[in-house]
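Count the sequence shown with the UniProt record's numbering and you get residues 1 to 277, in order.
Here is the structure we will look at.
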Amino acid sequence: VWIFSNKSSNGIINISRIRHLCGILFLSKGRTCDFPEIKHGRIYDENNYKQIFPVDMGKYFYYTCDHSFVSPSQLLWSRITCTEEGWSPTPKCLRQCFFPWVENGLSASSGQIHREGDTVQIVCDAGYRLPNNQSSITCAEGGWSSSPKCSHSEGKCGPPPPIDNGDTTSFPLPVYLPGSIVEYQCQSYYELQGSSYIKCENGEWSEPPKCLDACVISEEIMKKYNIELKWSSGKKLYSKTDDTVEFRCRRGYRKKTPDHTFRATCQQGKVDYPACE
């Protein structure tokens, strides 16, 4: 058995590997590289090349990354070479994170793509904050460390929602503590439907009430149908939703529609009028 060795200047002895094939002696010096296991990536045509590993120094291959991942060079195919220290550069596939717009806040990174390890600063609107009171989120292997959404601080609520034909009984504040209650009222002749109070719970207001339209019964409309108010000599009447109004024919006219139509009900600003001829 033949063993060859050479001593380097630093005193380290490198023993060469000996191969004997068909009576011919071969010497191969240095290390080899095993198949590169690339998380979220693969080498070119790896199913065919995998069987030739380990490979000698100097051999090179190209690798690509899975969807939503990218190599440090950001090229579609990146080159790695077998060296004394192993694969160089070390094959990596880094996560790419798309940064959308910030709900209830803003960031200079909106609409941009970041790589794994990047940190993005977020400024939340007044009364809002990121989870765990953070000021930034990080692009990690699984995506963003937390959703780019600013929520009400500790379950606080913003201003109460506006309603048509109504308003709150107190001046609205920019921020309300959990458990806060706000009261609504409707404008004159509008009927409030639902609870007049809403409550701040888990950063959200409960369902606000509605103000239903009033019915305006004018002299012009009554003349059109040849009718007048039965129990009033007034020329105009405001009626709330579900209120009942009784009519009769004007002098010299007789009923054109059935008797029951002369007792009408106001329904969210509308009245089915009777008619006389």
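Backbone N, C-alpha and C define an ideal beta-carbon position, used for all residues, glycine too.
Excluding five sequence neighbours on each side, which residues of the same chain lie with their C-beta closer than 7 Å to the C-beta of C276? As a first step, residue 276 is located in the sequence shown; it is residue number 276 there, counting from the start. The answer, listed in chain order, is Y225, N226, I227, C249, R250, Y253, R254, K255 and K256.
For R263, count neighbouring C-beta atoms within 10 Å of its own C-beta (all shown protein chains included) and say buried if the count is 16 or more, exposed if not. The residue given as residue 263 occupies position 263 in the sequence shown. R263 should be labelled exposed.
Three-way DSSP call (helix, strand, coil) for E220 in this model: Looking up residue 220 in the sequence shown gives position 220. Correct three-state label for E220: helix.
Can you tell me whether residue 278 is buried or exposed, with buried defined as 16 or more other CB within 10 angstroms of its CB? Since the first residue shown for the chain is 1 and the last is 277, residue 278 is missing from the structure and cannot be characterised.
Decide if Y128 is buried, meaning its Cβ has at least 16 other Cβ atoms within 10 Å, or exposed. Residue 128 sits at position 128 when you count from the first residue of the sequence shown. When all chains shown are included, Y128 counts as buried.
Among P100, N104, L76 and P91, whose alpha-carbon lies nearest the alpha-carbon of S110? Within the sequence shown, residue 110 is the residue found at index 110, counting from 1. If we check each option's Cα against that of S110, P100 comes out closest.
Quick check: C97 and G41, are their CB atoms within less than 8 Å of each other? Walking along the sequence shown from the start, residue 97 turns up at place 97. Walking along the sequence shown from the start, residue 41 turns up at place 41. G41 is positioned such that its CB atom lies no closer than 8 Å to that of C97.
Within 10 angstroms of the Cβ of R95, are there 16 or more other Cβ atoms? Answer buried if so, exposed if not. For the purposes of this step, residue 95 is taken as the residue at position 95 of the sequence shown. R95 comes out buried.
Provide the residue(s) that pair with D56 in DSSP beta bridges, ordered along the chain. Sequence index remark: in the sequence shown, residue 56 carries index 56 (1-based). T32, per the DSSP bridge assignment.
Residue span of the alpha helix (DSSP H) that contains residue 285, given as start and end: Residue 285 lies beyond the residue range present for the chain, which begins at 1 and ends at 277; the question has no answer from this structure.
Does the structure place the segment 195-210 close enough to the segment 241-248 that three or more beta carbon pairs sit under 8 Å? no
Check whether E116 and E141 have beta carbons under 8 Å apart: Residue numbering aside, residue 116 sits at position 116 when the sequence shown is read from its first letter. Residue numbering aside, residue 141 sits at position 141 when the sequence shown is read from its first letter. In this structure, E141 lies closer than 8 Å to E116 by Cβ.
Starting from V120, trace the beta strand (DSSP E) in both directions and tell me its first and last residue. As a working mapping, residue 120 is identified with position 120 in the sequence shown. From DSSP, the beta strand (DSSP E) with V120 extends over T119 to Q121.
What residues in its chain sit with their C-beta under 6 Å from that of D213, if we drop five residues either side in the sequence? The count along the sequence shown starts at 1 and reaches residue 213 at position 213. For D213, where only same-chain residues beyond five positions count, the Cβ hits under 6 Å are Q268 and G269.
Measuring straight from C-alpha to C-alpha, what distance separates F35 and F53? Here residue 35 refers to the residue found at position 35 when the sequence shown is read from its first residue. Here residue 53 refers to the residue found at position 53 when the sequence shown is read from its first residue. Computed Cα separation, rounded: 6 Å.
Residues bridged to K210 [DSSP beta-bridge criterion]: Here residue 210 is taken as the residue at index 210 of the sequence shown, counted from 1. Its beta-bridge partners are Q193.
Taking the C-alpha atoms as reference points, what is the distance between Q185 and C211? Walking along the sequence shown from the start, residue 185 turns up at place 185. Walking along the sequence shown from the start, residue 211 turns up at place 211. Using only the alpha carbons, I get a separation of about 8 Å.
So is G234 buried or exposed if we call it buried at 16+ other beta carbons inside 10 Å? As a position in the sequence shown, residue 234 is number 234, starting the count at 1. Exposed is the call here.
Determine the direct distance from the alpha carbon of D66 to that of K156, and round the result to whole angstroms. Here residue 156 refers to the residue found at position 156 of the sequence shown. Here residue 66 refers to the residue found at position 66 of the sequence shown. Spanning the two alpha carbons is a distance of roughly 42 Å.
Per DSSP, which residues does T81 bridge with? Please list them. To locate residue 81, count along the sequence shown from 1; it is residue 81. According to DSSP, T81 bridges with Y60 and S88.
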